[in-house]
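Structure first, commentary second.
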Amino acid sequence: MSNQIRANSILPAHREDIELHTADGVTLVGELARPLDRDPVATVICLHPLPTHGGMMDSHVFRKAAWRLPALAGLAVLRFNTRGTSSVRGTSGGTFASGVDERFDVAAAIEYAEFADLPNLWLLGWSFGTDLTLMYGLEPAVTGAILLSPPLRFSRPEHLAAWAADGKPVTALIPEFDDYLRPPEAAERFAAIPQAEVVPVPGAKHLWVGDAEKVLDAVVQRVAPAVPTPLPQTWDGPIETGDMNAYANRTVAAFADVEVPTPLKD
Numbered sequence: 119m120s121n122q123i124r125a126n127s128i129l130p131a132h133r134e135d136i137e138l139h140t141a142d143g144v145t146l147v148g149e150l151a152r153p154l155d156r157d158p159v160a161t162v163i164c165l166h167p168l169p170t171h172g173g174m175m176d177s178h179v180f181r182k183a184a185w186r187l188p189a190l191a192g193l194a195v196l197r198f199n200t201r202g203t204s205s206v207r208g209t210s211g212g213t214f215a216s217g218v219d220e221r222f223d224v225a226a227a228i229e230y231a232e233f234a235d236l237p238n239l240w241l242l243g244w245s246f247g248t249d250l251t252l253m254y255g256l257e258p259a260v261t262g263a264i265l266l267s268p269p270l271r272f273s274r275p276e277h278l279a280a281w282a283a284d285g286k287p288v289t290a291l292i293p294e295f296d297d298y299l300r301p302p303e304a305a306e307r308f309a310a311i312p313q314a315e316v317v318p319v320p321g322a323k324h325l326w327v328g329d330a331e332k333v334l335d336a337v338v339q340r341v342a343p344a345v346p347t348p349l350p351q352t353w354d355g356p357i358e359t360g361d362m363n364a365y366a367n368r369t370v371a372a373f374a375d376v377e378v379p380t381p382l383k384d
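Numbering-wise (my numbering), the sequence shown opens with residue 119 and increments by one.
Given below as structure tokens:
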């Protein structure tokens with residue numbers, strides 16, 4: 119019998135809690151989800167939004183990616199909490215460093231994926247995670263990058279120039295009503311990376327509420343183009359149900375009065 123895939127649906131996969139160990143001695147908590155019955159065709163490494171504003175490895179698009187994409191698209195999904203960040207999985211060591219020491223976190227995630235022999239590594243950054251991707255993700259093992267709601271707040275022109283010179287694929291999904299960078303300005307800013315694909319998403323907002331399926335389809339189209347999209351909305355098999363109440367205190371409203379951190383000055 120076909121079951122409808124809902125926001126809290128968890129499809130079958132091999133899931134394991136993992137730890138990442140950074141070069142500066144911090145232990146980060148995470149999870150690796152892989153297809154249950156086959157080798158993955160590609161790997162998505164998720165870099166989450168600002169932890170000072172509720173961002174974590176369980177932010178809803180990443181949660182849905184890990185719950186669905188191993189079964190629906192044959193992808194491995196690696197999620198983790200950057201330093202000082204908490205989720206149901208636990209709290210990573212260290213403290214939030216305004217995008218500076220997080221360079222070690224990004225390196226540890228890529229290194230873990232390499233040692234695990236995961237194929238075709240793509241970075242999937244969201245908001246603050248897009249800045250981490252642009253600043254620290256241009257590593258030989260990385261195939262390319264997908265950026266969700268990039269604010270271009272911490273990254274600098276020299277980071278864009280490095281991606282331009284390297285030539286690796288970059289896709290930026292830009293919500294029509296983004297809080298920080300909307301499609302016209304995004305087209306101007308990302309012109310610095312000639313190979314960058316800027317994709318305006320009509321009606322979408324920075325947090326992609328109600329648009330997670332569009333994001334997941336866009337991710338699969340780029341990292342696993344042989345997989346048909348749009349992805350199925352039903353599943354012929356067992357489905358578990360995730361606990362949505364675990365995230366009730368991490369809503370945008372809870373951080374309405376919290377100042378957004380600025381990049382540290384040199």
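Cβ atoms here follow ideal geometry from the backbone N, Cα and C, with glycine treated the same way. Since this is a predicted model, take the numbers as computed values, not measurements.
Beta-carbon contacts of residue i that lie in its chain and below 7 Å, excluding the five residues immediately before and after
i: A371; result: In this predicted model, A371 has a pLDDT of only 48, less than 50, meaning its place in the structure is not dependable enough to derive any value.
i: G321; result: E294
i: F308; result: A290, A314 and V316
i: V333; result: V179, L266, L291 and W326
i: A279; result: A310
i: R152; result: A131, H132, P158, P188 and A194
i: T347; result: D335, V338 and Q339
i: A304; result: A290, I292 and V316
i: P318; result: I292, E294 and P301
Whole-angstrom distance between residue j and residue i, CA atom to CA atom
i: E358; j: Q351; result: 15 Å
i: A141; j: D354; result: 44 Å
i: V338; j: T380; result: 32 Å
i: M362; j: S127; result: 10 Å
i: T213; j: I136; result: 19 Å
i: G243; j: M119; result: 35 Å
i: Q122; j: P356; result: 11 Å
i: D249; j: P269; result: 8 Å
i: A125; j: D335; result: 15 Å
i: R300; j: E306; result: 10 Å
i: V260; j: V218; result: 20 Å
i: P302; j: A344; result: 31 Å
i: W281; j: A310; result: 9 Å
i: T203; j: A215; result: 11 Å
i: E331; j: G247; result: 19 Å
Cβ-Cβ distance between residue i and residue j below 9 Å
i: S245; j: P312; result: no
i: C164; j: R197; result: yes
i: L241; j: A263; result: yes
i: V327; j: H178; result: yes
i: V159; j: A342; result: yes
i: Y298; j: R271; result: yes
i: A234; j: L154; result: no
i: D296; j: H277; result: no
i: A445; j: A231; result: Here the chain has residues from 119 to 384 only, and residue 445 is not among them.
i: T161; j: L252; result: no
i: E220; j: L138; result: no
i: G360; j: R156; result: no
Cutoff 8 Å; reference residue i; Cβ partners in own chain excluding five residues on either side
i: N199; result: L146, V147, G148, H166, P169, M174, M175, S205, R207, G208, T209 and S210
Residue range of the alpha helix (DSSP H) that includes residue i
i: D223; result: E220 to F233
i: T251; result: F246 to Y254
i: P293; result: No alpha helix (DSSP H) contains P293, which is instead part of the beta strand (DSSP E) from V288 to P293.
i: H171; result: Unbroken run through H171: none, as it is neither H nor E.
i: V316; result: Here V316 belongs to no alpha helix (DSSP H); instead the beta strand (DSSP E) covers A314 to V319.
i: V338; result: A330 to V341
Chain-order list of residues whose beta-carbon lies under 6 Å from that of residue i (same chain, five-residue window excluded)
i: E377; result: none
i: R186; result: L129
i: D329; result: A322
i: V144; result: R201, G211 and G212
i: L236; result: T161 and A194
Boundaries of the beta strand (DSSP E) in which residue i is found, first to last residue
i: H387; result: Residue 387 is absent from the model: the chain starts at 119 and stops at 384.
i: L196; result: L193 to F198
i: D142; result: Run containing D142: none; DSSP gives neither H nor E here.
**Message:** Across the stretch 211-224 and the stretch 174-193, are there enough close Cβ pairs to call them in contact, namely three or more that are closer than 8 Å?
**Reply:** no
**Segment contact flag, the stretch 276-287 with the stretch 253-262, C-beta cutoff 8 Å, min 3 pairs** = yes
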